[in-house]
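So for the sequence shown, the UniProt record's numbering puts the first residue at 1; every next one is plus one. For each residue, glycine too, the CB sits at the ideal point set by N, CA and C.
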Amino acid sequence: MNTKRWLALGAAVVLIVFSIGLNTVISIFKTDFFSNFDSLTASEQTMIETVVEPGDMGSRIALLSVDGTIQDVGSSTPFSAVEYDHQNFLAQLETILTDKSIQAVVLYVNSPGGGVIESADIHEKLVEIKEERKIPIYVSMGSYAASGGYYISAPADKIFAHKETITGSIGVIMQSYNFSELAGNLGIEFETIKSGEHKDMFGGTRPTTAEEKAMLQEMIDESYEDFVDVIEQGRGMSEADVKKVADGRIMGGTQAINAGFVDEIGGMEDAIAAVRADFGLEDAQVFEYESNFGDLTSMLGMKISTFFGPSPEQQFLTKLMSSNDGPRMMYLYGEN
1 MNTKRWLALG
11 AAVVLIVFSI
21 GLNTVISIFK
31 TDFFSNFDSL
41 TASEQTMIET
51 VVEPGDMGSR
61 IALLSVDGTI
71 QDVGSSTPFS
81 AVEYDHQNFL
91 AQLETILTDK
101 SIQAVVLYVN
111 SPGGGVIESA
121 DIHEKLVEIK
131 EERKIPIYVS
141 MGSYAASGGY
151 YISAPADKIF
161 AHKETITGSI
171 GVIMQSYNFS
181 ELAGNLGIEF
191 ETIKSGEHKD
201 MFGGTRPTTA
211 EEKAMLQEMI
221 DESYEDFVDV
231 IEQGRGMSEA
241 DVKKVADGRI
251 MGGTQAINAG
261 FVDEIGGMED
271 AIAAVRADFG
281 LEDAQVFEYE
291 SNFGDLTSML
301 GMKISTFFGP
311 SPEQQFLTKL
321 MSSNDGPRMM
331 YLYGEN
């Protein structure tokens with residue numbers, strides 16, 4: 001081998017050795033020391049404020065952000081960060097309920113949606129803020145504010161979207177894999193002992209019966225009507241007007257304005273300027289909450305499986321066969 005190849009091989013060996021040592025240390029620290037963080041509330045871990053625009057500290061505008069799929073997948077730690085931290089976000093909303101210096105909220109939504117329950121958590125808390133604090137909530141939509149992303153936007157006093165924003169996708173979806181035929185081709189047989197004929201329904205190990213599909217459809221329809229009600233109340237629209245476009249279709253910003261789902265074309269700066277002008281907050285300080293946990297693992301840690309891991313097909317099949325996550329109702333657009 002030439003010099004460059006030897007250097008590359010040496011660098012790879014050093015990286016692998018470093019990775020083994022780093023991940024071992026991280027495992028020890030996470031187990032013995034940082035386990036105490038599990039007992040901390042989200043507010044104790046993350047309530048750090050950063051001033052975005054200086055101004056009157058007694059009259060402030062809070063910038064909030066929901067960026068990513070709306071699911072409760074746990075909170076960030078010193079060694080790992082999650083895309084969207086549901087409990088942390090709820091803690092921010094709870095803080096706004098008690099912080100009398102906050103006179104307005106501008107919420108940035110960049111999400112394809114997510115869980116039915118998590119979306120309802122956010123919606124209920126935003127409505128509580130409006131009713132108890134009597135302060136305005138403006139929404140600025142990013143690339144996506146679809147399905148659950150729109151669900152949490154609906155209570156806003158004014159909604160801004162870009163022309164290119166993908167919004168709408170009003171509805172509920174529940175999906176599961178049916179890998180019984182694949183398993184049969186591989187010679188895998190499922191042995192199931194159950195207390196009732198429907199105990200393994202929609203579990204992927206057998207086809208779903210027509211009766212079971214009707215049961216699930218009833219659940220979906222109920223959640224869909226709840227979604228429609230949320231838009232009716234938040235936007236002051238009739239059920240008929242909402243359902244004209246509440247069939248799962250997506251809309252761009254201009255289409256959403258025509259449908260009554262969005263108020264103006266614009267971005268975050270436009271939303272902030274509007275809430276200042278509309279509510280006499282020209283001198284208000286603008287701030288946002290920041291996380292104080294960095295993702296040390298993503299910066300330094302690198303597992304050996306990155307180099308010598310299984311093929312994508314093997315990973316998919318392993319995940320498919322070993323997952324314990326059951327199907328759930330989602331306010332979600334697209335595949336994630």
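Report all residues from its chain with a CB closer than 6 Å to the CB of residue i; omit the five preceding and five following residues, and keep chain order.
i: F190; result: T205
i: S305; result: Confidence at S305 is low in this model, with a pLDDT of 41, below 50, so its placement is unreliable and no value can be given for it.
i: S180; result: T205 and R206
i: Y84; result: G68
i: G55; result: D283, A284 and Q285
i: I135; result: Q103 and A104
i: E225; result: none
i: H86; result: D72 and E118
Look at the alpha carbon of residue i and the alpha carbon of residue j, and state the distance between them as a whole number of angstroms.
i: G301; j: T69; result: The pLDDT assigned to G301 is 41, lower than 50, so where the model puts this residue is not dependable, and the model offers no usable value.
i: I173; j: R328; result: 8 Å
i: Y333; j: E118; result: 15 Å
i: S323; j: S153; result: Note that S323 has pLDDT 48, beneath the 50 cutoff, so the model's placement of it is unreliable and the number below is only indicative. Each residue's Cα considered, the two are about 32 Å apart.
i: A284; j: F160; result: 20 Å
i: P207; j: Q175; result: 13 Å
i: L64; j: Q92; result: 8 Å
i: residue 342; j: G149; result: The structure shown has nothing for residue 342, since the chain only spans 1 to 336.
i: residue 337; j: E164; result: The chain is shown from 1 up to 336; residue 337 falls before or after that span and cannot be answered.
i: G252; j: K194; result: 47 Å
i: K130; j: L107; result: 13 Å
i: T254; j: Q233; result: 22 Å
i: Q217; j: K100; result: 44 Å
i: H162; j: D278; result: 20 Å
i: E197; j: G203; result: 13 Å
i: E269; j: G248; result: 30 Å
i: I28; j: D72; result: Unreliable placement is indicated for I28, whose pLDDT of 45 sits below 50; no coordinate value is reported for it.
i: V230; j: L186; result: 46 Å
i: I126; j: E94; result: The identity of residue 126 in the sequence shown is Leu, whereas the question assumes Ile. Approximately 9 Å between the Cα atoms of the pair.
i: G114; j: A214; result: 23 Å
i: L182; j: T98; result: 54 Å
i: E124; j: M57; result: 27 Å
i: G142; j: N258; result: 18 Å
i: K199; j: V82; result: 33 Å
i: G184; j: A210; result: 22 Å
i: E128; j: A120; result: 12 Å
Using 9 Å as the threshold, is the C-beta distance between residue i and residue j below it?
i: I122; j: L90; result: yes
i: A156; j: N110; result: no
i: T167; j: A256; result: yes
i: I96; j: R133; result: yes
i: K158; j: E264; result: yes
i: A266; j: S140; result: In the sequence on display, residue 266 carries Gly and not Ala. Yes, the Cβ-Cβ distance between G266 and S140 is below 9 Å.
i: I272; j: Y138; result: yes
Just grab the DSSP bridge partners of residue i for me.
i: L63; result: V106 and E288
i: T50; result: E288
i: T167; result: A145 and M251
i: I159; result: V139
i: E264; result: F160
i: G113; result: L332
i: D56; result: A284
i: I70; result: G114
i: I257; result: DSSP, once it has assigned bridges, lists no residue as partnering I257.
i: I173; result: M330
Leaving out five residues on either side along the sequence, give the residues of the same chain with a beta carbon under 7 Å from the beta carbon of residue i.
i: T50; result: F287, E288 and E290
i: V228; result: E239, V242, K243 and A246
i: L281; result: S59, I61, Q103, A104 and V275
i: P112; result: T69, Y144, A146, S147, G149, L332, Y333, G334 and N336
i: M201; result: T208 and E212
For residue i, report the span of its beta strand (DSSP E) as first-last.
i: L186; result: No beta strand (DSSP E) holds L186; DSSP gives it neither H nor E.
i: S143; result: I137 to A146
i: I152; result: That residue, I152, is in no beta strand (DSSP E); it is neither H nor E in DSSP.
i: F179; result: Run containing F179: none; DSSP gives neither H nor E here.
i: M330; result: M330 to L332
Return the chain-ordered list of same chain residues with a C-beta closer than 8 Å to the C-beta of residue i, the five sequence neighbours on each side being excluded.
i: G260; result: R235, M237 and D241
i: V116; result: G148, V172, S223, R328, M329, M330 and Y331
i: V66; result: Y84, F89, L107, Y108, V109, N110, S111, I122, G149 and I152
So residue i is in the alpha helix (DSSP H); what residue range does that whole segment cover?
i: F89; result: H86 to T98
i: D229; result: A210 to R235
i: V242; result: E239 to K243
Using a threshold of 8 Å, is the CB atom of residue i nearer than that to any non-hydrogen atom of the ligand FAD?
i: S143; result: Looking at this structure, you won't find the ligand FAD or any other ligand, since it has none at all.
If we define contact as Cβ-Cβ less than 9 Å, is residue i a contact residue for chain D?
i: S180; result: This model lacks chain D altogether, as it is built from one protein chain only.
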